[in-house]
Amino acid sequence: MIRSLNGKKPIIHKDAFISEAAYLVGEIIIEADVSIWPGVVIRADSGKIIIGKGTNIQDNSVLHADDDAFIGEYVTIGHRVISHAKKIGNLSLIGNGSIINDGVILGEKCLVSSGSTLTENKSFQDKALIRGTPGKTIGLIRKRHEQLMFYANSSYIKRIELYKNSGLHME
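So for the sequence shown, the numbering used here puts the first residue at 13; every next one is plus one.
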């Protein structure tokens with residue numbers, strides 16, 4: 013469901029995929045090749061949310077922020093993620109079940125391990141490998157991590173046409 017709030021509604025690129033079982037409300041900008049999967053909720057009631065080209069937001073994830081939020085290009089947000097991040101840098105991957113609290117800033121190519129919790133207003137450098145509760149940088153990503161992140165993202169971009177051709181998207 014796509015809803016307007018206080019006169020502001022999502023702007024969705026024609027090449028994006030939005031599941032018919034997603035809920036989007038408020039000032040959201042969705043760029044080309046973005047995919048939003050079943051059960052996703054994106055609430056832009058306190059600021060604008062921009063979702064960059066090629067990003068995928070997987071099943072049952074929730075995005076909300078207390079201010080403007082920016083999700084970069086080719087980001088993968090795994091299943092059941094709760095994100096209040098201020099910024100998620102390009103080419104990052106947020107593992108399943110992670111929680112990102114208000115004001116968090118992630119650099120480019122960050123990898124957040126599944127189940128991690130990033131506490132309020134933390135910032136992480138480019139290529140940070142982040143794990144735990146509270147989330148801490150445990151090192152920098154390696155080539156194998158970059159390959160995993162690329163595969164995760166590209167596999168979702170490939171699924172867009174399959175789902176659109178099957179009529180499983182919002183018109």
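The beta carbon of each residue, even a glycine, is placed where N, CA and C say it ideally should be.
- The continuous stretches of alpha helix (DSSP H) do not include A44, and DSSP gives it neither H nor E.
- Just so you know, the alpha carbons of L141 and A34 end up roughly 30 Å apart.
- If you draw a straight line from the Cα of G115 to the Cα of G179, it is about 37 Å long.
- Its Cα nearest to that of N102, the residue Y86 stands out among Y86, I112, V74 and N113.
- Here the C-alpha atom of L130 lies approximately 32 Å from the C-alpha atom of Y175.
- The segment 141 to 150 makes no contact with the segment 162 to 177: fewer than 3 CB pairs, one atom from each, lie closer than 8 Å.
- For I153, there is no enclosing alpha helix (DSSP H), since its DSSP letter is neither H nor E.
- The C-alpha of N133 is placed about 29 Å away from the C-alpha of P50.
- In the DSSP assignment, V52 falls outside any beta strand (DSSP E), carrying neither H nor E.
- The beta-carbon separation of I117 and K139, rounded to 14 Å, does not stay under the 8 Å limit for a contact.
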